[in-house]
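The block underneath contains the structure these notes are about, expressed in structure tokens.
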Amino acid sequence: MNRKYAIIIGLQAFLIVMLFWVLVFYGKDEYEASTKDSEEQIQAPNRVATKKGQTVITVDAATQAQSEIKSSPLKASSHTATISSYGNVVAIDSLIELRTRYLAAKSEAQVLSTSAVHNKAEYARLHVLNLDDKNVSDKVLATAFADVKADEAKLSAAEANAKSIQEIMQQTWGEALTHLATSKDTNSLLQNLINYDEALIQITLPFDSPEPTPNSSITVSPSASPGTNISAQYVSRAPLNNGAIQGKTYFYHAKNRDLRAGMQLSVRTAPSSNNQSKNKTNGVIIPNNAVVWYAGKPWVYHKVGADQFSRLPINTDVEIENGWFYQGNLKIGDEVVTSGAQLLLSEEFKSQITNENDD
10 MNRKYAIIIG LQAFLIVMLF WVLVFYGKDE YEASTKDSEE QIQAPNRVAT
60 KKGQTVITVD AATQAQSEIK SSPLKASSHT ATISSYGNVV AIDSLIELRT
110 RYLAAKSEAQ VLSTSAVHNK AEYARLHVLN LDDKNVSDKV LATAFADVKA
160 DEAKLSAAEA NAKSIQEIMQ QTWGEALTHL ATSKDTNSLL QNLINYDEAL
210 IQITLPFDSP EPTPNSSITV SPSASPGTNI SAQYVSRAPL NNGAIQGKTY
260 FYHAKNRDLR AGMQLSVRTA PSSNNQSKNK TNGVIIPNNA VVWYAGKPWV
310 YHKVGADQFS RLPINTDVEI ENGWFYQGNL KIGDEVVTSG AQLLLSEEFK
360 SQITNENDD
């Protein structure tokens with residue numbers, strides 16, 4: 010019995026020793042890795058600090074060169090504020106229909122006018138014969154006179170009809186388009202609108218916006234394609250409101266075959282030349298490659314020293330060629346990072362993660 014217990018105790022001791030060495034063997038690698046990471050954290054310099062409430066990243070010149078971190082001075086720029094609104098491409102089928110009715114009424118009036126001239130001449134001839142010893146009877150003369158009066162009545166009705174159509178057209182389409190539609194001379198704008206070479210646009214501007222001037226232009230963009238800019242020229246006031254947006258309405262025309270009736274448009278119009286100087290603001294150009302996005306907002310890294318950078322928020326409301334117009338804390342000549350900004354952002358937040366782990 011004692012021998013049996015001795016064997017069991019010996020086996021247990023052997024298993025304990027083996028288990029100990031297994032733990033030591035497998036824990037050695039983890040211990041060395043942990044020690045190495047700790048040493049690296051101790052050795053890695055902390056490049057991020059807070060100065061006067063701002064986070065500042067310090068990167069020496071050698072690291073800047075190695076990481077290709079480069080900065081450029083900001084250049085001056087100016088921007089004239091624009092009025093933003095909405096519009097739509099207008100179908101001109103009712104204008105064409107009214108034009109057809111008007112031209113038909115005018116043609117009828119022309120025919121009646123010619124007939125009236127003839128019948129008046131005939132009546133005058135018969136009247137002379139009637140006076141000459143009744144060579145023409147009074148009945149024939151009376152019939153001729155009745156024809157003249159009938160022609161005058163028909164002509165008056167035809168001209169009144171044409172005038173009524175013209176007034177309806179003017180109430181709907183304004184004076185300029187009515188003049189184009191009722192003119193006997195062929196005009197290129199109306200023909201281009203009919204042939205879809207141009208599109209008629211109605212826009213709505215705020216009540217306090219200045220009145221557009223002749224030959225002025227605006228920029229429109231289809232709502233489905235905001236990046237497409239199309240120039241449109243002023244035509245006239247628009248008598249009717251579109252109902253969806255309250256404001257002052259105007260007609261413009263654009264030489265673009267891609268615009269279709271019913272398309273919704275965004276509109277940008279500059280103030281009149283008299284007010285442009287009042288609406289002009291001065292600022293700087295933020296290059297495209299200087300902007301980094303974080304939390305859905307645009308930022309730039311401002312070079313505040315030879316080896317120090319601070320992240321600043323900007324706005325991208327006014328896009329210009331190769332960047333954005335900016336008016337704020339950054340001034341002409343201030344340097345922003347144009348290469349390597351994303352590396353600085355990563356370094357900044359790596360430091361935050363490290364500090365959180367230390368806590």
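Positions in the sequence shown are counted from 1; adding 9 to them yields this note's numbering. The C-beta atom is built at its ideal place from N, Cα and C for all residues, glycine as well.
Cβ pair residue i, residue j closer than 7 Å
i: residue 221; j: residue 274; result: no
i: residue 66; j: residue 356; result: yes
i: residue 229; j: residue 247; result: no
i: residue 244; j: residue 171; result: no
i: residue 94; j: residue 276; result: yes
i: residue 261; j: residue 292; result: no
i: residue 176; j: residue 153; result: no
i: residue 272; j: residue 98; result: yes
i: residue 191; j: residue 111; result: yes
8 Å CB neighbourhood of residue i in its chain, flanking five on each side removed
i: residue 345; result: 80, 81, 83, 295, 296, 299, 309, 310, 311, 312, 339
i: residue 250; result: 213, 256, 258
i: residue 352; result: 76, 78
i: residue 224; result: 242, 243
i: residue 144; result: 138
i: residue 347; result: 79, 80, 81, 296, 298, 299
i: residue 174; result: 107, 110, 111, 114
i: residue 205; result: 266
i: residue 44; result: At residue 44, the pLDDT of 48 sits below 50, so the modelled position is not reliable; the number obtained from the coordinates is stated separately. Closer than 8 Å at the Cβ level, and outside the excluded window around residue 44, lies no residue.
Cut-off 6 Å between Cβ atoms - residues of its own chain near residue i, not counting five sequence neighbours on either side
i: residue 156; result: 128
i: residue 289; result: 87, 89
i: residue 239; result: 229, 263, 265
i: residue 21; result: none
i: residue 85; result: 341
i: residue 360; result: 57
i: residue 27; result: none
i: residue 314; result: none
i: residue 350; result: 301, 310
i: residue 354; result: 301
Heavy atom of the ligand SAH within 6 Å of residue i beta-carbon
i: residue 110; result: Looking for the ligand SAH in the displayed structure turns up nothing, as the structure carries no ligands at all.
Reduced DSSP secondary structure (H/G/I, E/B, other) of residue i
i: residue 216; result: coil
i: residue 21; result: helix
i: residue 339; result: coil
i: residue 205; result: coil
i: residue 321; result: strand
i: residue 8; result: The displayed coordinates of the chain run from 10 to 368. Any statement about residue 8 would go beyond what the structure contains.
i: residue 185; result: helix
i: residue 200; result: helix
i: residue 168; result: helix
i: residue 139; result: helix
i: residue 98; result: strand
i: residue 255; result: coil
i: residue 406; result: Nothing in the structure corresponds to residue 406, since the chain is present only between 10 and 368.
i: residue 191; result: helix
i: residue 291; result: strand
i: residue 72; result: helix
i: residue 145; result: coil
i: residue 306; result: strand
i: residue 249; result: coil
i: residue 81; result: strand
i: residue 264; result: coil
i: residue 59; result: strand
i: residue 91; result: coil
i: residue 270; result: coil
i: residue 328; result: strand
Same chain, Cβ closer than 7 Å to residue i, five either side skipped, listed in chain order
i: residue 150; result: 135, 136, 139
Distance between beta carbons of residue j and residue i, contact taken as under 8 Å
i: residue 168; j: residue 118; result: 5 Å
i: residue 202; j: residue 101; result: 6 Å
i: residue 279; j: residue 59; result: The Cβ separation is near 44 Å, so there is no contact.
i: residue 332; j: residue 323; result: Wrong, their Cβ atoms sit about 10 Å apart, outside the cutoff.
With three or more beta-carbon pairs closer than 8 Å as the criterion, would you say the segment 198-211 touches the segment 262-272? yes
I want to know whether the segment 145-162 touches the segment 182-202 - three or more CB-CB distances under 8 Å. no
Report yes or no: do three or more beta-carbon pairs, one from the segment 178-193 and one from the segment 103-117, lie closer than 8 Å? yes
Specify whether the segment 314-323 and the segment 59-74 touch according to this definition: at least 3 beta carbon pairs, one from each stretch, less than 8 Å apart. yes
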